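Residue numbers (the numbering used here): 760 to 1024.
The beta carbon of each residue, even a glycine, is placed where N, CA and C say it ideally should be.
Note that the structure is predicted; figures quoted are calculated from it, not measured.
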């Protein structure tokens, strides 16, 4: 009995070492620097030996490292949401987005792996890892939107006003992610996410630099607009270090059709 347990511990230790080495390469050199040879060199084995622990080779390692990254990210986002009372829906939505923005700006290689162009190292695993983190992140905000919808329904498109293709996509997304919202409410959630992700991506990839050296005010304005459109503008709290500086800005919101608020340009 002892030998199998010892082998299992050794396999788990090797798996952890390989994932840690791969993540260090991604973080410090980028995904394109990740190779089986470099990982093997760092953990002191041959490249062929890695297949004993990761039968899928490099794509499987990338997938598992991505899972580790998402685990850490989801934990941080949930903690950010839980830093506000359960009935403050606006800040339970906003605080995780602030945390995501800060993470993206300080972990750009990892952001690129999850959100950027598919890499050669990830291979066919990229589609799988994308689907996996989409579900995980949907659960962070989805539960908050579900609670909000139950307590304070926000304006949405009626189902008979929606393009049938869009309605079906929302139903499929709900079934896939487990986020139990009617199609119109789901459109609002995804429209808000689309706007916020777009704002983060523009900043991370430097599309506004050097025109805007500090993009936080524009980011905060967008969040005010989005929660304002759901009738939560009175719950908005500016970042602590900028307390009061954004309180007078208008809230235009996602709008009745679930479209994103107008992004300031």
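| Item | Value |
| --- | --- |
| Residue 874, enclosing alpha helix (DSSP H) - first and last residue | 867-874 |
| Collapsed DSSP secondary structure at residue 966 in the structure displayed | coil |
| Residue of 886, 862, 894, 853 minimising C-alpha distance to residue 985 | 853 |
| Expected contact under 8 Å - CB spacing of residue 1025 and residue 991 to nearest Å | Only positions 760 to 1024 of the chain appear in the structure, and residue 1025 is not among them; the question remains open. |
| Under the three-state DSSP convention, the category residue 974 falls into | coil |
| Supposed close pair residue 955, residue 856 - CB separation, criterion 8 Å | 5 Å |
| Contact check, residue 765 vs residue 780, beta carbons under 9 Å | no |
| Close-in-space but distant-in-sequence residues of the same chain around residue 813 (CB under 6 Å, 5 per side omitted) | 819, 820 |
| Check whether residue 860 and residue 962 have beta carbons under 9 Å apart | yes |
| Nearest-angstrom Cβ-Cβ length linking residue 948 and residue 933, presumed shorter than 8 Å | Not a contact, Cβ separation roughly 10 Å. |
| Contact test: residue 866 Cβ vs the ligand MG heavy atom, cutoff 8 Å | Inclusion of the ligand MG in the displayed structure is not the case, the ligand content being empty and no account of it being possible. |
| Secondary structure of residue 762, DSSP reduced to three states | helix |
| Simplified DSSP assignment, three categories, for residue 913 | coil |
| Short Cβ contact (9 Å threshold) for residue 871 with residue 957 | no |
| Neighbourhood of residue 806 by C-beta distance below 6 Å, restricted to the same chain and skipping five residues each side | 795, 796, 799 |
| Reduced DSSP secondary structure (H/G/I, E/B, other) of residue 812 | coil |
| Residue 939 - DSSP class collapsed to helix/strand/coil | coil |
| Option in 784, 902, 776, 782 with minimal Cα separation from residue 841 | 902 |
| Contained alpha helix (DSSP H) runs [length at least 4] in the region 764-802, N- to C-terminal order | 795-802 |
| Residue 911 vs residue 918 beta-carbon contact at 9 Å | no |
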